[in-house]
Amino acid sequence: RQKKHLRDFGEQHPFHDPVTIVVLRSCFPFQSENSDKSSSESDSETEVEQVSVYHKLLATLKTSPESASEEEEDESESEEAEDSETEMDSEGSQETGEADGGEEDKNDVPEQEEAADTAEQTLGQEQADGANTSCDPSHGVIEEFTDVKHESEFSLETNFMEEESGDCSADKRDSNPFKQHMDKELEEKEVEKLSTLPKTSSQSKWPRLGQLTFYSTLEKPKTLKAEKEVDMKQLYLHKPLESTWPKVNKEFLSSVNKPSDASFTPLQRELFCIMNTYRDLFYPERNALTNGEEIRHAYCLHALNHVLKANSQVLSNNAKRRDQKPGAANDDYRDQGLTRPKVLMIVPFRECALRIVHVLISLLEVNDKRKIDVSNKKRFKGEFGSDPEEKPPNLKRPEDYEAVFAGNIDDHFRIGVAILQKSMRLYAPFYSSDIIIASPLGMRTIIGAEGEKKRDFDFLSSIEILIIDQADIYLMQNWEHVLHLMKHMNLLPLDSHGVDFSRVRMPNLSNWSKYYRQTLLFSSLQNPQINSVFNKHCFNYVGQVAVHNLPLMGSISHVVVQLPHVFRRLEAENVTSVIDTRFQFFVNKVLPEYRDAVMSHTLVYVPSYFDYVRLRNYFKKEDLNFTHICEYTKKAGVCRARRFFLKGEKQFLLFTERFHFYKRYTIKGIRNLIFYELPTYSHFYSEICNMMKATDSGVDATWTCTVLYSKYDAQKLAAVVGIDRTAQMLQSKKSVHLFVTGEN
1 RQKKHLRDFG EQHPFHDPVT IVVLRSCFPF QSENSDKSSS ESDSETEVEQ
51 VSVYHKLLAT LKTSPESASE EEEDESESEE AEDSETEMDS EGSQETGEAD
101 GGEEDKNDVP EQEEAADTAE QTLGQEQADG ANTSCDPSHG VIEEFTDVKH
151 ESEFSLETNF MEEESGDCSA DKRDSNPFKQ HMDKELEEKE VEKLSTLPKT
201 SSQSKWPRLG QLTFYSTLEK PKTLKAEKEV DMKQLYLHKP LESTWPKVNK
251 EFLSSVNKPS DASFTPLQRE LFCIMNTYRD LFYPERNALT NGEEIRHAYC
301 LHALNHVLKA NSQVLSNNAK RRDQKPGAAN DDYRDQGLTR PKVLMIVPFR
351 ECALRIVHVL ISLLEVNDKR KIDVSNKKRF KGEFGSDPEE KPPNLKRPED
401 YEAVFAGNID DHFRIGVAIL QKSMRLYAPF YSSDIIIASP LGMRTIIGAE
451 GEKKRDFDFL SSIEILIIDQ ADIYLMQNWE HVLHLMKHMN LLPLDSHGVD
501 FSRVRMPNLS NWSKYYRQTL LFSSLQNPQI NSVFNKHCFN YVGQVAVHNL
551 PLMGSISHVV VQLPHVFRRL EAENVTSVID TRFQFFVNKV LPEYRDAVMS
601 HTLVYVPSYF DYVRLRNYFK KEDLNFTHIC EYTKKAGVCR ARRFFLKGEK
651 QFLLFTERFH FYKRYTIKGI RNLIFYELPT YSHFYSEICN MMKATDSGVD
701 ATWTCTVLYS KYDAQKLAAV VGIDRTAQML QSKKSVHLFV TGEN
């Protein structure tokens with residue numbers, strides 16, 4: 001059961017949770033090797049893609065109009081009554097002992113000892129070679145499709161620079177940021193400083209990005225000045241990109257842009273100026289509705305520019321070595337890493353990978369008449385695309401939800417992309433790829449765990465640009481996969497993989513690759529876990545840049561119901577003790593106030609699944625009248641729990657944040673609201689509070705909202721109440737009462 005849960009949901013079920021899920025065996029869609037050689041041959045393929053269970057977890061969005069109507073029973077009482085009758089019929093064959101709401105079937109309950117294995121141990125037992133194998137319903141093993149037929153055409157070792165491209169001269173310019181960054185050879189003293197000394201910082205304010213913090217270890221951080229206008233020639237873009245970028249980016253440009261700066265939006269201009277210096281960048285204000293695609297285009301331009309320059313340098317040196325006299329010294333041509341992949345892009349869903357590839361193709365096509373040759377394009381569209389008709393027309397969700405979960409939302413994938421002059425090769429083997437696009441789960445299954453016989457992470461040894469987009473979504477998937485990936489970045493490979501060591505740069509041979517890697521991190525929020533990755537796993541010798549803008553207005557201003565908010569502070573000695581302190585505070589001081597029958601219809605919002613399991617077990621032990629909904633709860637269990645809570649048959653409803661993230665159901669009947677911890681997404685606070693207006697029979701005067709927080713929740717608190725109130729609340733050790741009238 002643990003193996004199935006890890007494979008299907010990308011994480012192991014918590015060891016102290018006595019509930020697991022029975023799911024259908026699902027596999028990553030792998031294809032046979034007798035594949036097409038070109039995109040035209042791919043037209044005839046008929047393999048059907050199998051989706052992961054995260055996709056199935058959300059598949060209630062994409063099943064049928066009937067199921068969509070069942071999900072939307074909160075739209076009308078009549079729909080809810082119909083759902084109730086259907087559920088009661090389906091419960092006829094079940095035992096009647098589901099007094100707590102019956103969210104999980106009893107057959108799904110494993111022995112607690114079985115669940116005590118760690119995630120890595122389980123993955124190690126079940127996973128063979130993530131790069132080349134998968135499972136089918138008959139438990140057979142087939143090869144993952146990789147394009148091996150175009151190997152010679154895209155080989156850097158056997159190809160040479162085309163004279164007409166004119167790319168060689170572009171890379172000879174001394175002020176070229178690519179050459180400045182990659183050609184610098186660090187000394188041992190500098191490397192020692194990078195690994196031991198703390199970073200120094202300086203502040204700067206830019207017109208569009210706002211407050212920037214520059215970090216550096218080797219020298220006093222130099223604060224860049226925001227360029228009001230950008231000359232394309234000063235960016236040292238690879239020659240074809242200078243002409244294609246304005247066309248590709250035209251959809252984001254407005255008539256306000258000046259003729260001298262007609263290629264970038266203000267946000268793109270400032271982001272690209274930082275990217276082009278090869279500094280690490282953390283931008284926590286990405287928004288899927290507003291600037292998400294702008295940012296995607298900007299980092300695609302930077303990544304493609306880097307790959308084209310690197311490959312041009314290799315091809316140019318190939319020609320020089322060909323014309324060189326036998327026996328001549330070869331140390332002048334160190335232009336490669338230990339492995340070929342240079343750029344790793346981490347994105348949450350297949351739809352994101354699809355959009356990235358489309359941007360890359362558009363940037364490579366100089367004009368409509370000169371289309372580039374893209375191998376396996378048809379297959380790629382079939383596996384990463386989606387059918388718009390699959391989505392039920394009556395499914396209504398917030399705009400931000402629609403933007404995040406657009407297209408194919410499978411979160412288990414990886415694909416290699418090779419680029420050579422005027423051609424692109426999709427599904428390239430990783431060791432023949434320039435760019436790897438993958439999800440955290442896709443990387444986790446190929447990297448494997450310690451002790452596995454077949455695991456591979458050598459292809460990460462020479463990654464020069466790491467792009468982690470939409471990092472906040474990984475908090476809702478499994479953050480451990482991101483940490484596991486970061487631990488395996490830029491390690492010395494276990495095998496040579498046929499590399500010519502005379503062409504390898506000295507820093508790579510010295511295992512200093514991580515000091516040259518640029519990390520671009522984009523998120524929609526500030527979070528300690530995301531900050532930790534940027535602070536502890538980024539070692540770029542050039543330095544780091546982080547955007548730190550304080551929220552002046554909190555999401556509490558979007559609450560439209562008249563509601564008293566009580567923020568109750570708990571005192572914890574350190575970060576590790578907060579979990580236990582919060583539980584004891586809730587059990588001893590908060591819960592007793594809600595045990596009375598008068599305080600019925602109480603929803604407890606729990607961001608952490610581990611806290612949810614702990615509370616659920618405590619509620620069962622105390623024999624409280626409650627029901628519960630989490631991300632693993634089956635559809636029928638969700639309907640029962642919502643009905644019991646609405647009718648008052650259950651006094652408490654335990655409700656997880658991840659369920660709300662993936663479903664966004666409106667919970668009717670809320671009269672008392674408890675935030676066990678502040679939400680990860682600040683706008684969830686106002687969304688949950690505004691659910692109270694869906695209760696027609698409720699009395700406004702009896703509505704309550706209680707929030708637990710500690711001094712370690714400063715970032716989340718500021719996003720909810722604003723920075724000014726946060727400063728006051730952290731200074732005071734008393735509970736804070738706020739009253740929202742619906743207008744402030």
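The sequence shown runs 1 to 744 under the UniProt record's numbering. Built from N, CA and C at the ideal position, the CB exists for glycine as well.
Worksheet item: Excluding the five sequence neighbours on either side, which residues of its own chain have a C-beta within less than 8 Å of the C-beta of Y515, listed in chain order?
Response: L186, V191, L194, P507, F539, N540 and Y541
Item to complete: Specify the secondary structure class of V53 as computed by DSSP and reduced to three states.
Response: At V53 the pLDDT is 48, less than 50, meaning the model places this residue with poor confidence and gives no usable figure here.
Worksheet item: Three-state secondary structure (DSSP) at G416?
Response: strand
Worksheet item: So, are the CB atoms of S439 and A471 less than 7 Å apart?
Response: no
Worksheet item: Cβ of T726 within 7 Å of Cβ of L717?
Response: yes
Worksheet item: K650 and T627 look like a contact to me (Cβ under 8 Å); what is the Cβ gap, rounded to whole Å?
Response: 4 Å
Fill in: Separation of S386 from A403, as counted between CA atoms
15 Å
Fill in: Classification of F264 by the beta-carbon crowding that lies within 10 angstroms, buried from 16 upward
buried
Fill in: Endpoints, the beta strand (DSSP E) within which M424 is located
S423 to L426
Practice prompt. Alpha carbon to alpha carbon, how far is Y632 from R597? Give it in angstroms, no decimals.
Written response: A quick correction: the sequence has Ala, not Arg, at residue 597. Each residue's Cα considered, the two are about 29 Å apart.
Worksheet entry | Whole-Å CB distance - T244 paired with E365, under 8 Å assumed | 7 Å
Worksheet item: Given a threshold of 16 other Cβ atoms within 10 Å of its Cβ, counted over all protein chains shown, does T706 qualify as buried or as exposed?
Response: buried
Worksheet item: With distances taken between CB atoms, is the gap from L603 to L708 smaller than 7 Å?
Response: no
Worksheet item: Which stretch, first to last residue, makes up the beta strand (DSSP E) that contains R568?
Response: L563 to R569
Practice prompt. In angstroms with no decimal places, state the Cα-to-Cα distance between F380 and L426.
Written response: 7 Å
Practice prompt. Look up Y215 in the DSSP assignment and say whether it is helix, strand or coil.
Written response: strand
Practice prompt. Look up V343 in the DSSP assignment and give the residues it is bridged to.
Written response: I435 and I465
Worksheet item: With a CB to CB cut of under 8 Å and the five nearest residues on each side skipped, what residues in its chain are close to V590?
Response: R568, I674, T706 and L708
Worksheet item: Which of the three DSSP states, helix, strand or coil, is assigned to A546?
Response: strand
Worksheet item: From R499 to K377, what distance separates their C-alpha atoms?
Response: Correcting the residue type first, residue 499 is Val in the shown sequence and not Arg. Cα to Cα, the separation comes out at about 29 Å.
Fill in: Bounding residues of the alpha helix (DSSP H) (the contiguous stretch that carries S204)
No alpha helix (DSSP H) contains S204, which is instead part of the beta strand (DSSP E) from T200 to W206.
Fill in: Residue from L338, F661, T200 and V587 whose Cα sits closest to the Cα of R505
L338
Worksheet entry | Spatially closest choice to V578 from S710, F659, M553 and E452, by CA coordinates | S710
Worksheet entry | Closest residue to F252 among V533, E294, T445 and K149 (Cα-Cα distance) | E294
Item to complete: Measure the CB-CB distance between F413 and R350 and report whether it falls below 7 Å.
Response: yes
Item to complete: Run the CB neighbour count on E464, radius 10 Å, all protein chains shown included, and call it buried at 16 or more, exposed below.
Response: buried
Practice prompt. Find the nearest neighbour of N291 within the set K342, R208, F214 and L212, judged by alpha-carbon distance.
Written response: R208
Fill in: Rounded straight-line distance, which links the Cα of F405 to that of K320
49 Å
Worksheet entry | Backbone CA spacing between N574 and Y712 [nearest angstrom] | 8 Å
Worksheet item: Between the Cα of N549 and the Cα atoms of R397, T200, L520 and W206, which residue gives the shortest distance?
Response: W206
Worksheet item: When you compare each of Q268, I723, N176 and Q180 to Q234 by their alpha carbons, which one comes out closest?
Response: N176
Worksheet item: In angstroms, rounded to a whole number, what distance separates the CA positions of E188 and S510?
Response: 10 Å
Discussion item. Within the continuous alpha helix (DSSP H) that includes S312, where are the two ends?
Written reply: G292 to R322
Worksheet item: Which of the three DSSP states, helix, strand or coil, is assigned to Q651?
Response: coil
Worksheet item: Are the CB atoms of L281 and V545 nearer to each other than 7 Å?
Response: yes
Worksheet item: Can you tell me the Cα-Cα spacing of K238 and L354, whole angstroms?
Response: According to the sequence shown, residue 238 is His rather than Lys. Straight-line Cα distance between these residues: approximately 23 Å.
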